[in-house]
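Undergrad: My structure is below; once you've seen it, I'll send some questions.
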Amino acid sequence: MAEDFQEAQPHEYLRLFLRDNVRPDNRAITGFRDVRIHCNTVKSALGSAMVCYGNTRVIAGVKGKFATPHIDTPSRGYIVPNLSLPPLCNSKYRPGPPDPRATVMSHKLVEVLSGVLDLEELCISARRAVWALYMDVVCINDDGNVFDAAVLAASAALYNTYLPATHVHEETGFVSVDEEGEGRRIHLQYIPVPVSIAVFEESLLPDPTEFEEDVVSGTLSVCWDDSCKIRNIWNSSGLTDDKLAAALEYSSKRSSVLLSILRRVSSQHQPSSPP
Amino acid sequence: MLGDDTHLKLRPIESEVSLLGNCDGSARVRQGSTSVLVGIWGPVEVRQSRELPDKATLEVSVKYCTGQGTPRDTYSEDVVASVCREVILLSEHPRTSIQVNVQVESDDGSVLAVTANALCLALMDAGLPLRSQFAAVCCVTNPTTNDTDTTPTVTWDPTCEEEGDDTTARYLFVYDSDSRNVIFSNYTGGQCEVREYLLYLQKGRQLANQIFSYFRESFEKFLRKDVKFQLLLSGSDKVKGNGP
């Protein structure tokens, strides 16, 4: 019967919970779900991570391919992020061409990740070969706030990416992985950490679940960097200036917590050996 | 530089309303050389698979002058849909569809801001129930090359050239006319402190106020030519009873 009420009157359903100072999944109103980060989950990738926000699960993997650099930028590599929301993660996504929501999130991911890497670092041999890193982010289960989990997974995957040593044949320019050589970790200019807070009738609901996402009027999504400065904002919250300032403050505190978890988990794992 | 308001100006705005005969509402806004045309159909019949029992279904299509079906189009559609959902009272027209079609006629920077402005005029023209009007402004900031002064240079309503590439810091703010709060905003392209973001938000609000007065003037001019509206103003005796 509660499910019928939730279906028929979702706003009222949420309001009743908030009146008792609790969220439908039994959290405190301003609480976040438990975060779990696992690194190097995909052995065939150069770097990978799985991030779980409650039931939302996203896996990110970095695959490296050799590519020829653009003529105008002879020593710059590429990073090609892509986010997919397959039908298996939620029945609202149909099989076939990508859902517009996935395309929008992919575009946002491209914006977040541009500037994270110095692309000159991906150079193997100027004008001949550079690394092209394909960042595939796949949602395994969508229970709300997929974008946050996706960005954090992408950050963790990049942070743990280990580029193998390469050998360039002097005459032919043929590039191959050098099995004996020592690879290197990629240096990130900063680690983007996302925090999203949904807004429903004067209440701030951080880390919304799928049900809450459909009901709320807007969301404040911020990507922070290691020094608690804003790197990206998408704000459809409609908050007044002072409430916005308070929400940003709360969001930045959470980003420091997530960053320390990410660093701690990464240091516990050995970097994956070259394939 | 952050403190002074000498850079706080927009390019010259021109607009036309109700220019597309077949649409319920349409508007074209030109800011500098950027020109965007918005056509609105609604409320109209909706495909049963998309029908919503309690509100209107929003269908947005954005087309740029070059390219078709690119991720940029889909992202722009999401921004426009986000603004529409905040502002249109969709629950007034359940089981119908409201179709918003945006055509970017020429892109010389600040496209999303100009789109939002054209969208507002088109929604007013279509007579859809709105929570408030809205106006959008955007700006780019560049780190200053002057050694002594570290405040960045701000350019409001930038042209394509001023927008530069992906590494330029870009802000977009859409304000509502009722509370002047931000109903949509976006920032990318570098590091930004919280107080900087809030400062530009406040500065942008002053420009948005200019846009709101411009909307009022231009809509009043448009209504002066509208026969039905003039009859309504002049006296209700002529309009009561039999229609024209």
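Protein chains in written order, with the numbering used here: chain A, 207 to 481; chain B, -9 to 234. We treat Cβ as the ideally placed atom computed from N, Cα and C, and that holds for glycine. All values reported here derive from a predicted model rather than from experimental measurement.
Is residue 481/A close to chain B? Criterion is C-beta to C-beta, closer than 8 Å.
TA: Position 275 of the first sequence holds residue 481/A. Here residue 481/A scores only 36 on pLDDT, less than 50, and its place in the model is too uncertain to base an answer on.
Undergrad: So the candidates are 373/A, 265/A, 364/A; which of them puts its Cα closest to the Cα of residue 386/A?
TA: Indexing the first sequence from 1 puts residue 386/A at position 180. Measuring from the Cα of residue 386/A, the nearest candidate turns out to be 373/A.
Undergrad: Cβ of residue 445/A less than 8 Å from any chain B Cβ?
TA: Mapped onto the first sequence, residue 445/A falls at position 239. Output row for residue 445/A: interface = yes.
Undergrad: If I'm right that residue 25/B touches residue 96/B with Cβ under 8 Å, what's the distance once you round it to whole angstroms?
TA: Locating residue 25/B in the second sequence gives position 35, where the first residue counts as 1. Locating residue 96/B in the second sequence gives position 106, where the first residue counts as 1. Indeed they touch by this definition, with Cβ atoms about 5 Å apart.
Undergrad: Leaving out the 5 sequence neighbours to the left and right, which residues in its chain are closer than 7 Å to residue 211/A when beta-carbon positions are compared?
TA: The residue labelled residue 211/A in the question sits at position 5 within the first sequence. Same-chain partners within the cutoff: 219.
Undergrad: Who does residue 178/B pair with in a DSSP beta bridge?
TA: Residue numbering aside, residue 178/B sits at position 188 when the second sequence is read from its first letter. Its beta-bridge partners are 160/B.
Undergrad: When DSSP builds the beta bridges, which residues end up paired with residue 166/B?
TA: In the second sequence, counting from the first residue as 1, residue 166/B sits at position 176. According to DSSP, residue 166/B bridges with 124/B.
Undergrad: Alpha carbon to alpha carbon, how far is residue 473/A from residue 406/A?
TA: Within the first sequence, the letter at position 267 stands for residue 473/A. Within the first sequence, the letter at position 200 stands for residue 406/A. When only Cα atoms are considered, residue 473/A and residue 406/A end up about 38 Å apart.
Undergrad: Check the DSSP bridge columns for residue 94/B and list the partner residues they point to.
TA: The sequence position of residue 94/B within the second sequence is 104, counting from 1. The partner list for residue 94/B (beta bridge, DSSP) reads 26/B.
Undergrad: Report the residue from 237/A, 322/A, 287/A whose alpha carbon sits nearest the alpha carbon of residue 396/A.
TA: Locating residue 396/A in the first sequence gives position 190, counting from the first residue. Checked all of 237/A, 322/A, 287/A; the closest Cα to residue 396/A is 322/A.
Undergrad: Return no unless some Cβ of chain A is closer than 8 Å to the Cβ of residue 188/B.
TA: Within the second sequence, numbered from 1, the residue matching residue 188/B stands at position 198. Output row for residue 188/B: interface = yes.
Undergrad: Of all the options 306/A, 459/A, 285/A, which has the alpha carbon lying nearest to the alpha carbon of residue 402/A?
TA: Locating residue 402/A in the first sequence gives position 196, where the first residue counts as 1. Answer by Cα proximity: 459/A.
Undergrad: Starting from residue 223/B, find everything on chain A with Cβ-Cβ shorter than 7 Å and list it in chain order.
TA: The residue labelled residue 223/B in the question sits at position 233 within the second sequence. Neighbours of residue 223/B across chain A, judged by C-beta separation under 7 Å, do not exist; the nearest C-beta is about 34 Å away.
Undergrad: With a cut-off of 8 Å, does the C-beta of residue 309/A fall near any C-beta of chain D?
TA: Structure shown: chain D not included; protein chains present are A and B.
Undergrad: Mapping the DSSP letters down to three states, classify residue 217/A as helix, strand or coil.
TA: In the first sequence, residue 217/A corresponds to position 11, counting from 1. If DSSP states are grouped into helix, strand and coil, residue 217/A belongs with the helices.
Undergrad: Which residue's Cα is closest to the Cα of residue 360/A: 327/A, 221/A, 388/A, 269/A?
TA: Position 154 of the first sequence, counted from the start, is the residue given in the question as residue 360/A. Out of 327/A, 221/A, 388/A, 269/A, 269/A has the C-alpha closest to the C-alpha of residue 360/A.
Undergrad: Tell me whether residue 110/B is buried or exposed, calling it buried when 16 or more other Cβ atoms sit within 10 Å of its Cβ.
TA: Position 120 of the second sequence, counted from the first residue, corresponds to residue 110/B. With 16 or more other Cβ atoms from the protein chains shown falling within 10 Å of its own Cβ, residue 110/B counts as buried.
Undergrad: For residue 479/A, collect the residues of the same chain with a Cβ closer than 6 Å to its Cβ; drop the 5 residues on either side in sequence, then sort them by chain order.
TA: Residue 479/A sits at position 273 when you count from the first residue of the first sequence. Note that residue 479/A scores 41 on pLDDT, short of 50, meaning its location in the model is unreliable; the coordinates nonetheless yield the value given after this. Same-chain partners within the cutoff: there are none.
Undergrad: Would you say the stretch 414 to 428 of chain A touches the stretch 379 to 394 of chain A, given that touching needs at least three Cβ pairs under 8 Å?
TA: no
Undergrad: In chain order, what residues of the same chain lie with their CB nearer than 6 Å to the CB of residue 356/A, ignoring the 5 residues before and after it?
TA: Translated into the one-based positions of the first sequence, residue 356/A becomes position 150. Excluding residues within five positions, the ones whose Cβ falls inside 6 Å are 264, 289, 343.
Undergrad: Compare the C-beta of residue 354/A against all C-beta atoms of chain B and say whether one is closer than 8 Å.
TA: In the first sequence, the residue the question calls residue 354/A occupies position 148. Cβ-Cβ to chain B under 8 Å: no for residue 354/A.
Undergrad: Could you say which of 417/A, 450/A, 277/A, 284/A lies nearest to residue 214/A if we only look at CA atoms?
TA: As a first step, residue 214/A must be located in the first sequence, where it is residue number 8. Looking at the Cα atoms, 417/A is the closest of the given residues.
Undergrad: Residue 68/B to residue 76/B, Cα distance in whole Å?
TA: Residue numbering aside, residue 68/B sits at position 78 when the second sequence is read from its first letter. Residue numbering aside, residue 76/B sits at position 86 when the second sequence is read from its first letter. The alpha-carbon atoms of residue 68/B and residue 76/B are separated by roughly 12 Å.
Undergrad: My assumption, with CB atoms under 8 Å, is that residue 287/A sits in contact with residue 351/A. Please give the rounded CB distance.
TA: On the first sequence, residue 287/A is found 81 positions in, with the first residue counted as 1. On the first sequence, residue 351/A is found 145 positions in, with the first residue counted as 1. Actually they do not touch by this definition, with Cβ atoms about 18 Å apart.
Undergrad: By alpha-carbon positions, which one of 119/B, 146/B, 121/B ends up nearest to residue 131/B?
TA: Against the second sequence, residue 131/B aligns to sequence position 141. Checked all of 119/B, 146/B, 121/B; the closest Cα to residue 131/B is 146/B.
Undergrad: Would a C-beta distance cut-off of 8 Å place residue 93/B and residue 34/B closer than the cut-off?
TA: The sequence position of residue 93/B within the second sequence is 103, counting from 1. The sequence position of residue 34/B within the second sequence is 44, counting from 1. The answer is no: Cβ separation not under 8 Å.
Undergrad: Any C-beta of chain B sitting closer than 8 Å to the C-beta of residue 217/A?
TA: The residue labelled residue 217/A in the question sits at position 11 within the first sequence. Not closer than 8 Å to any Cβ of chain B, the Cβ of residue 217/A fails to qualify, so no.
Undergrad: Just tell me which of 54/B, 20/B, 84/B has its CA closest to the CA of residue 32/B.
TA: Along the second sequence, one-based indexing puts residue 32/B at 42. Closest by alpha carbon: 84/B.
Undergrad: So what does DSSP say about residue 392/A, is it helix, strand or coil?
TA: Against the first sequence, residue 392/A aligns to sequence position 186. Note: residue 392/A maps to coil in three-state DSSP.
Undergrad: Looking only at its own chain, which residues have a Cβ that is under 7 Å from the Cβ of residue 470/A, when we skip the five neighbours before and after it?
TA: Position 264 of the first sequence holds residue 470/A. So no residue of the chain qualifies.
Undergrad: Residue 114/B by DSSP, collapsed to three states: which one?
TA: Position 124 of the second sequence, counted from the start, is the residue given in the question as residue 114/B. Residue 114/B falls in the helix class under three-state DSSP.
Undergrad: Who are the Cβ neighbours of residue 54/B in its own chain at under 6 Å, not counting the five residues just before and after it?
TA: As a position in the second sequence, residue 54/B is number 64, starting the count at 1. These residues qualify, in order along the chain: 94.
Undergrad: Note the first and the last residue of the continuous alpha helix (DSSP H) segment covering residue 64/B.
TA: Stepping through the second sequence from its first residue, residue 64/B is reached at position 74. Counting along the chain, the alpha helix (DSSP H) containing residue 64/B begins and ends at 61 to 77.
Undergrad: Name the residues in the stretch 157 to 183 of chain B whose C-beta lies less than 8 Å from a C-beta of chain A; which are they?
TA: 157, 166, 169, 171, 172, 173, 174, 175, 176, 177, 178, 179, 180, 181, 182, 183
Undergrad: Considering only the beta carbon of each residue, do residue 209/B and residue 7/B sit closer than 8 Å?
TA: Position 219 of the second sequence, counting from 1, holds the residue named residue 209/B. Position 17 of the second sequence, counting from 1, holds the residue named residue 7/B. Taking 8 Å as the Cβ cut-off, residue 209/B and residue 7/B qualify as a contacting pair.
Undergrad: Mind checking if residue 317/A is an interface residue toward chain B, Cβ cutoff 8 Å exclusive?
TA: Residue numbering aside, residue 317/A sits at position 111 when the first sequence is read from its first letter. Residue 317/A counts as touching chain B.
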